Structure formats: C-alpha cells, structure tokens
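Protein chains in written order, with our numbering: chain A, 8 to 316; chain B, 8 to 316. Just so you know, even glycine gets a beta-carbon here, dropped at the ideal spot from N, CA and C. Computed from a predicted model, the values in this text were never measured in an experiment. Have a look at the structure below before the remarks.
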C-alpha cells in the first residue's frame, strides 16, 4: 500500500477514511486533524491556559505532544490513584508521565490522592457503596474533583483529556442502551464550564484508538501499555468489543455513530422542551460548584470515609 | 423449575421477568399481558375493527389468536408477495394463513401483489433502484401501501402487526447507530393515523421472540418456520445477533433498551423544538395520503416499473 500524499510505502491505513499514509505524512496529518477538531468545536485558543490530564498512557501523552507541537500553552496534571494491581500500575504510569514531561521541558503537576486526602482510590472504594465490586465510580468522581480543583487554583481555562473515538463511542453506546438522557445531553467534544468549573474538552475524540497508538509509536512516545487493572471485565470494555465487532464488518461505523449523534444533538434532538442548565451552588466544604443538594458528591464521599466505623 | 402460579412443572422460564410458568398458566399470562399493553398504549377498543397483517409466521398468527381470545373484532390480511427462494416461501406461508383462518372460522383477505399490480416483489425489485441487492425496501413499501388500502377500502380502524420485542429492539438499535432521527421519533407501539391513513399498532412489542414461539407452540398453532429467504444476511438479523449476545450477558437488556427509549421519548427527548407532523396530501394516482411531493412513493415505483425499457 502506498502513501496517498507522497507515494512512498504507507505504514498506516485508515479504512474508514480510505487513506493510507507513510510515517512522515501521518505524523503531519494527526496534528492537522487535531487542529481542525479544536477549531471546529471551538475548544480553546492559543491565548488560553490548558491543563492536560495525563495518565501515562498513549492517548494523554500524545495529546500533550500534539498541543505542544501546535503551539498551545499546555501543562500536564498527573493524579496518583494508588493502584497497584500486581503490576505497580500507578507508580509505573507516573514514571512514564514524568519522563515525558522532563524529556520535553514540560510542566507536570502531580497530585497524590492518598497524600492529599488520606486514602488511595482502592481504600476509598473499599469504604464506599459506590465502590462495590469496582472502584471506577469512586475513581471518576475523585479525578473530576481533583482536575477541577487544580484548574481553578492554578488559573487554567480548560481541562483537556485524551479520550479517543473508541472511548467516546463506547460511552455513547452505553448511554444509549440505557437511554441515560442526562448523560446523552452532556456528552460531546466540549462541556462548557461555569464560574469555578473549568471547560472540558476532548481534542482526540475523532481519532480511533489504533490511530493514537500508531501516532505514539511513530512519534517514539514511551507510554504505559497496561490498562488499569480494574478495567478488565468492565461494561465499557465489553461495549468496545461489540463496537469493534461492528466496525470490522462496517469500517467507519464507530465514527459515523459518534458524528451523527453530535449532528442529531446539534439539531436539538436531545433537548427537552424548556430545558435549562442545572442550578449550581458552591459546595460549603470545598467551594467547587455542584448541582447536588448540600455538599458535593466528592465531599460527601470523603466525609463518609472519615467517619470512624 | 416450578410454575410461580400453581407450583406444577414450569415449561417456560422468562429470566428477565424472573418468572417461570406451566403450560396453562403461560397460555393465560400471554393474553393478560397483551391486554395490558393494548390498554397501556391505547391501541384500540372492542368497538373498533382491526385488520391483522398475517404472514403465516408465529408472531402474526399468535397475534390474531390472541385478539380473538380477548374478544376483539380482528380480521386477517395476507399479502402474496410472490417469493419462492427455492422453498416455495409465499405459497407455503399462504397455506398456513388460510389453514389458521379456516380452522377458527376467521375472515382472511388475500391480496396477490402480482395479480393486482402485474408484478411480484422480486419482479418489482429487479426493475427498481430500491431493490439493488435485496427486495426488502420494495417489499416494505408495497406492504405498507396494500395494508393501508385494504384498511381504508374495507373500513378498518386499525392495522395490527405482529412485531415482537426482538424486531422492535433491532429496528431501534439500527436507528440509533445511524441516529435516524425521523425514524426514532415515529417508532413505538402506536403510530397514529390521519384521514385516509389507518392507525398502526404492535400489540406484541413487549414480548420476546422466544416467548411468542413458545406461545404458538403451546397453543398448537401451525406456522411457517422458514424466515423469508431474502432476510438472510440482512442488517436487522445482524443487529438481532448483537442484541442476543448482550441479552445473554444481561437478561432483560432488550426489554429495558426498548422501554427506556419509550420513556425518554415520552419525556420529549426526541422532539425537535417546534416539531410538527409532516404535511400530508392525497396522492393523485392512488388517493392515499403521502408526504412525498406529487405521487406517493409506491405509485412512483409502479409507474417506473411499467415504463418500457
């Protein structure tokens, strides 16, 4: 297969775009596309300060790399979750994140959940009904809280995460199977902020997972290969498998599933008549905006975990 | 496993309802549930004349049987499509429909597409771009036209079809994967009529396919086992397989996928702001209401098939 741009040997073939590219042209194509998505969805400008949530995996490190290459002001945030899983998952992923930051003279903020809040994610999950079986709900809640706190305290305008198309399509698929209308209304490349709540953006949301893996590999980015040990057997992984099965038979289905959803939503498909944003107030404990009554979900979880049994 | 109602040996186990029943209790439960759905979705009353679209398969014959048992005024309509597929599909299915009608002294209307319109479904499909590869689009269009014509000409208030939950969930799944918003808005147990357009209802839409197969078998209804030969390899069958795969892991997922969709729709999730029904006018050729400009889609297809090459 030959590169569509220069005719030399292609190394990446994207069936859904009918596009094969050589290494150099692929490494130029990915930032071009990223820039296109950033502009199309009005994610941020070069005058804004961006905080990239960095896990040490291929997506978030590639995102950081791309934003740097495109000339955006992007710093990293690594959140130490205290997950071991028999493979030293958290310490190892921190090493990858640190190494990437140092190699490019980038600024990386590190928050260790146990150091800061007195309990790691597995410990918090063990003491909380949200954590029954799997700490993912506790982990998501904690990460959202920490990311927003750091963004607010350090003056970042935008939080960027490395969610790729496979992630977004799987979440959408899950939300559709259960018709979770509130989540369907909020899902998208951009979640607008509010006073005290940073805008959230997903610049990689239109790249397939394998496209990001190819990018990281061809750019020589060193990243942690292992998935979070708690992800195994999760619903979202199951949904990814089903989507992969459909994608094999219909190349491009994942992308069209996601893009047509965005179109339908833009046309008002998911708007409830008289719909308005939820009322936000400031959590009396942490000061972050919340729509929950009283304290925010994170502070309620923390208060519970501190109550002696 | 024991029958929940009487304690004797159960013959049907519905995991999603956590309900096992013996033959007699199952044969009482299905009409009870059918009546419940008819009332819940306000499908029709005992004062209305119902036309059941009968294919000779388990679902439509069971539906007819159930409406009879429940004391509704229901006659049958069989549409001869002229499909052979190496198994004499159409002649064989007509025999089952006729036998069922005669055994119960029921009224069955028969319309033969080739006799009435000069060409069978495979012949129409061969001469039409809709039929490329598969005659399903031509067949659906023709059946909708014929059903509505018979309902109108013979004074039926309602058209009832035997679509079961597996059918409805697969259609919904397909419409969601492509975000076909117009179809999503219209899908449901009841499609309201208009002057000249009969109301359409699906009283079996909450029964799993295997529940209807069990009902037909236990009632001793003789039906054609073969699927339409053109269905093999179709997208809807592929979607059914994917849903079956998910149902095996999460019993009840098909039902909750469908019911939560209906709830979300009832809450206005799928309404476009300022949405209104499409403008209907009468087709100058056949007199049926249509939203297409000029003649209706069926008459345009027929005009094309009559044009000499």
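Residues of the same chain with a CB within less than 7 Å of the CB of residue 163 (chain A), apart from the 5 flanking positions on each side, are 56, 57, 58 and 205 in chain order. Pairing residue 94 (chain B) with residue 233 (chain B) gives a Cβ-Cβ distance under 7 Å.
At a cut-off of 7 Å, the C-beta of residue 264 (chain B) has a neighbouring C-beta in chain A. The beta carbon of residue 293 (chain A) sits closer than 6 Å to the beta carbons of 306 from its chain, once the five residues preceding and following it are set aside; these are given in chain order.
Taking the CA atoms as reference points, residue 97 (chain A) sits about 12 Å from residue 237 (chain A). Only buried fits residue 154 (chain B), as 16 or more other CB atoms lie within 10 angstroms of its CB.
At the C-beta level, residue 32 (chain B) and residue 47 (chain B) stay beyond 7 Å of one another.
Residue ranges of uninterrupted beta strand (DSSP E) with 3 or more members, entirely inside the segment 152-193 of chain A and ordered along the chain, are 165-167. Rounded to the nearest whole angstrom, the CA to CA distance from residue 38 (chain B) to residue 172 (chain A) is 46 Å. According to the DSSP assignment, residue 85 (chain B) belongs to the beta strand (DSSP E) that extends over 80-87.
Below the 8 Å Cβ cutoff, chain B contributes 186 as neighbours of residue 270 (chain A), in chain order. Scanning B:91, B:102 and B:74 for the CA closest to the CA of residue 85 (chain B) turns up B:102. Rounded to the nearest whole angstrom, the CA to CA distance from residue 223 (chain A) to residue 30 (chain A) is 12 Å. Annotation: the segment 223-281 of chain A contains the following complete segments of the alpha helix (DSSP H) (minimum length 4 residues), in chain order: 242-256 and 260-273. Shown in chain order are the members of the segment 233-253 of chain B whose Cβ falls below 8 Å from a Cβ of chain A: 245, 249, 252 and 253. Nearest in C-alpha terms to residue 113 (chain A), of all of A:49, A:75, A:242 and A:240, is A:75. Distance from residue 83 (chain B) to residue 116 (chain B) at the Cβ level is roughly 7 Å; contact confirmed, criterion being Cβ atoms closer than 8 Å.
Those residues of the segment 191-217 of chain B placed with their C-beta closer than 7 Å to a C-beta in chain A do not exist. In the DSSP assignment, residue 30 (chain A) falls within the unbroken alpha helix (DSSP H) covering 30-47. Look at the beta carbons and you see the segment 250-263 of chain A not touching the segment 259-272 of chain B: under three pairs across the two are nearer than 8 Å. Judged by beta-carbon spacing, residue 219 (chain A) lies within the 7 Å limit of residue 69 (chain A), meaning their Cβ atoms are closer than that value.
Chain B places a beta carbon closer than 7 Å to that of residue 183 (chain A), counting this residue as a contact.
For the pair of segments examined, the segment 286-300 of chain A was found to touch the segment 196-215 of chain A: the number of CB pairs separated by less than 8 Å reaches three.
With respect to the C-alpha of residue 183 (chain A), the residue from B:277, B:300, B:90 and B:26 having the closest C-alpha is B:277.
Taking all protein chains in view, the Cβ of residue 291 (chain B) is surrounded by fewer than 16 other Cβ atoms within 10 Å, so the residue is classified as exposed. Annotation for residue 231 (chain A): 63, 64, 99, 100 and 103 place their beta carbon closer than 7 Å to its own, counting only its chain and skipping 5 residues before and after. Linking residue 198 (chain A) to residue 241 (chain B) through their CA atoms gives a straight-line distance of about 38 Å. In this chain, the alpha helix (DSSP H) harbouring residue 128 (chain A) covers 128-133.
The continuous alpha helix (DSSP H) containing residue 72 (chain A) extends over residues 65-76.
Sixteen is the threshold: when 16 or more other Cβ atoms of the shown chains lie within 10 Å of the Cβ of residue 295 (chain B), as they do, the residue is buried. In the three-state scheme derived from DSSP, where H, G and I count as helix and E and B as strand, residue 209 (chain B) is classed as coil. Identification of chain B residues near residue 260 (chain A) by a Cβ-Cβ cut-off of 8 Å yields 184, ordered along the chain. Residue 201 (chain B): not part of any alpha helix (DSSP H); DSSP gives it neither H nor E. Among the residues of chain B, those whose CB is under 8 Å from the CB of residue 267 (chain A) are 185 and 186, following chain order.
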